[in-house]
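*Asks:* Got a structure here, written out as structure tokens. Questions coming.
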């Protein structure tokens, strides 16, 4: 679970910080506005995928080998 948060959080922070820098120092050209839109759209998809990953990945099974009947002693 913490791995999911760290990966998506890091990517989201980098993309969000880049979008903030473009908004502050990018000027007002139409091309820069389109670029900011694409970056914020990427941030949205990162958050969407991160939320899906957070909910769907079972933290108790992450990184563990599946158990078989032989390993259970039956």
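In this note's numbering, the protein residues as written are -4 to 69.
Even for Gly, the Cβ is constructed at its ideal location relative to N, Cα and C.
Here the structure is a predicted model, which is why all the values come from computation and not from measurement.
Do residue 10 and residue 41 come within 8 Å of each other at the CB atom, strictly closer than that value?
*Replies:* Yes; because the gap between Cβ atoms is below 8 Å, this pair is in contact.
*Asks:* With burial defined as no fewer than 16 other Cβ atoms inside 10 Å of the residue's Cβ, what is the status of residue 14: buried or exposed?
*Replies:* Burial call: buried.
*Asks:* Compare the beta carbon distance of residue 34 and residue 17 with 8 Å and say whether it is the shorter of the two.
*Replies:* Cβ distance < 8 Å, so residue 34 and residue 17 count as in contact.
*Asks:* Does the distance from the C-beta atom of residue 5 to that of residue 49 stay below 8 Å?
*Replies:* Contact flag unset, no.
*Asks:* Between residue 30 and residue 38, what straight-line distance do the alpha-carbon atoms span, to the nearest angstrom?
*Replies:* Straight-line Cα distance between these residues: approximately 12 Å.
*Asks:* Taking DSSP as the reference, what is the three-state secondary structure of residue 24?
*Replies:* Residue 24: coil per DSSP, three-state reduction.
*Asks:* Does residue 33 come out as helix, strand or coil in the three-state DSSP assignment?
*Replies:* The answer is helix: DSSP assigns residue 33 an H, G or I state.
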